[in-house]
Every structure is written in structure tokens, then in C-alpha cells.
Amino acid sequence: MLSDSGQLSVDIDISAPSVARVYDYLLGGAHNFAVDRELAAKAMAIDPLFQVTARATRSALRRMVRFMVDSGIRQFLDIGSGIPTAANVHETAQRLDPSCRVVYVDRDPLAVVHSRQLLEGNARVATVHADMRNPDDILRSPEVTSLLNLDEPIGLLFLLVLHWIPDHDDPQALMDHFRRAVPSGSHLAITHVGHSYDRAVDAMLRESGSGEMTPRTEEQVATMFGDFDLVSPGLVSCTEWRPDGPSDSTPLNRTRLFAGLGIKP
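Residue numbers (numbering that gives the first Met the number 0): 0 to 264.
Here's what the structure looks like:
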């Protein structure tokens, strides 16, 4: 909901956990509540790699953003961004080039509120409250149209978000829409839960009201890149995507969490 001033107005319900705040906690952030920490503790008790996976994904995000900046990308659209905890897209990109512009998008109003508080004062970063199942709401939003230029190559990031989109919402068609909206030279980064992810954690998250995941096969995730050319090493475990060194190579089952980056020809 928007207030009369145009700002997002939402009553924060700290009695219900939020996936965005759970991940904020797992990544060492401060924008979470006791109920989120309790859910994270339950998940880690079921799956000891739950926090490792979250942190491995954040490490992959940094490497992917660095790759994009090194390749000439200076604008980014991060879909399903959650809360921009330390070392997120804008921090990584702007550390390499302060001119980089970033728009974060999330459907969780609480994540958007926290994001806008954290990003206040950074004129090259904006946050959109929108659902990726409505691509045009994102692509035509004032934040995107004022900060990004969709006629120039852009970095699209869909990290830990597509497995929250069930098959009946046709994630392949949604991705096709986003891919068509950007020009040649644009980059697309995806991380996605695979079939070896612990289903007990999924069941617990679902029962908590946090949502239900749809793990997918390597082939299903690969099709989300469409005609984008996957860069080496292809679609791999997130820890295997161009690791910087031993700190980035914590062993994870390859089919637990896929990561890949493609470039539009």
C-alpha cells in the first residue's frame, strides 16, 4: 500500500516469519526478528547446510556481479532481492565503479521497507515493490524507467527466487518476457534450488507460511536462459561458479543449488 506521500505503508507483523528476514539473519544482517531467527534455527537443525547454502549463494552473487562489471555492465535489475544485506549487488558493483545503477525488486512489502531504509541517500539505487509474475509492472515502474536504460545492456539477477514460482505460474514464460525486454550484450544470472535440497526444510517453510519451493532439474533451469549463451563453467553448483579460492569452494551437492550466467547474443 502507498501512503499519500507515495511511500510504501505497511504494518510490520513481527509474529510471522519472513523468508527475506530469515536470509538476512543467515547472512549476518540486523533486519530480522526473533520469529525469523527461530525459523532459521529450526531449518539449520533439520539441514546443517542451510546457512552454508545461503552464504554460498551470497558469495556467488558477488562473483557474478564482478564478472558483469568486468564485462562492461553498469546497470542491474535484481528480481526477488530480499533485504540488501552486506555485500549485495549495489555494494559490489559500486565498489568497482561508483557509476553503477541498481534497482532491487521484491514482492515482500517488509523487505521493501527495510531496503528503502538501508538505501536512503544512494541516488543510484532504488527499490520496487512488485511481483515478478507481473513483468510489465517491474519494467514500466518509475524506478526502472528513471534509473535504468533498457536500450543498453543490463545485468538481470534472479537469485534464489525462481524456485518460489510454481509451475502453474509458468516461470519459463516469465523469463522469456524478461529476456526479450533487454538488448544484446545483457547478462542473466540465476541460482535455483535443485532436487537434492532437503524436502523437510521445504515442508517446514511451507507450514510456517513462508511459501513453497519448486525444485527443478538441471535441464529445467537451463531452459530459463533461453538463447542466452552460458559462460564457463556453465550451469554448476553455486560454489563451483568461478570460485575465488578455498573460501568459496565449500562442497555442496551439485544438484542442491544450481548457478549459471548467460549473455544475450
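Backbone N, C-alpha and C define an ideal beta-carbon position, used for all residues, glycine too.
Expressed to the nearest angstrom, what Euclidean distance is found between the alpha-carbon atoms of V18 and D35?
On the sequence shown, residue 18 is found 19 positions in, with the first residue counted as 1. On the sequence shown, residue 35 is found 36 positions in, with the first residue counted as 1. Their backbone Cα atoms lie some 8 angstroms apart in a straight line.
Segment contact flag, the segment 172-184 with the segment 152-163, C-beta cutoff 8 angstroms, min 3 pairs
Yes, the segment 172-184 is in contact with the segment 152-163.
Do L159 and H113 come within 9 angstroms of each other at the CB atom, strictly closer than that value?
Counting from 1 along the sequence shown, the entry for residue 113 is found at position 114. Counting from 1 along the sequence shown, the entry for residue 159 is found at position 160. L159 is positioned such that its CB atom lies no closer than 9 angstroms to that of H113.
Reference A15; option with closest CA among N31, L25, G27:
As a position in the sequence shown, residue 15 is number 16, starting the count at 1. Nearest of N31, L25, G27 to A15, Cα basis: N31.
Using CA coordinates, which residue listed in M203, L117, L187 is at the minimum distance from A258?
Indexing the sequence shown from 1 puts residue 258 at position 259. Minimum Cα-Cα distance from A258 among the listed residues M203, L117, L187 corresponds to L187.
Assign V51 to one of three DSSP states: helix, strand, or coil.
The residue labelled residue 51 in the question sits at position 52 within the sequence shown. Residue state, collapsed to three classes: helix.
Buried or exposed, going by whether 16 or more other CB atoms sit within 10 Å of the CB of A44?
In the sequence shown, counting from the first residue as 1, residue 44 sits at position 45. With fewer than 16 Cβ atoms within 10 Å of its Cβ, A44 is classed as exposed.
Please state whether the Cβ-Cβ distance between Q74 and V101 is less than 9 angstroms.
Locating residue 74 in the sequence shown gives position 75, where the first residue counts as 1. Locating residue 101 in the sequence shown gives position 102, where the first residue counts as 1. Here Q74 is near V101, since their CB atoms are less than 9 angstroms apart.
To the nearest angstrom, how far is the alpha carbon of V200 from that of L48?
The count along the sequence shown starts at 1 and reaches residue 200 at position 201. The count along the sequence shown starts at 1 and reaches residue 48 at position 49. Roughly 11 angstroms between the two C-alpha positions.
State the CB to CB distance for the pair D243 and R62, rounded to an integer number of angstroms; the pair is presumed to be in contact (CB under 8 angstroms).
Stepping through the sequence shown from its first residue, residue 243 is reached at position 244. Stepping through the sequence shown from its first residue, residue 62 is reached at position 63. Yes, they are in contact, since the Cβ atoms of D243 and R62 sit about 7 angstroms apart, within 8 angstroms.
With DSSP run on the structure shown, which of helix, strand or coil describes G244?
Here residue 244 refers to the residue found at position 245 of the sequence shown. In the structure shown, G244 sits in coil (DSSP, three-state: anything other than H, G, I, E or B).
Can you tell me whether P264 is buried or exposed? The criterion is at least 16 other CB atoms within 10 Å of its CB, across all chains shown.
As a first step, residue 264 must be located in the sequence shown, where it is residue number 265. The residue is exposed, with fewer than 16 neighbouring Cβ atoms inside 10 Å.
Helix, strand or coil for F257? Go by DSSP, reduced to three states.
As a working mapping, residue 257 is identified with position 258 in the sequence shown. In the structure shown, F257 sits in a strand (DSSP, three-state: E or B).
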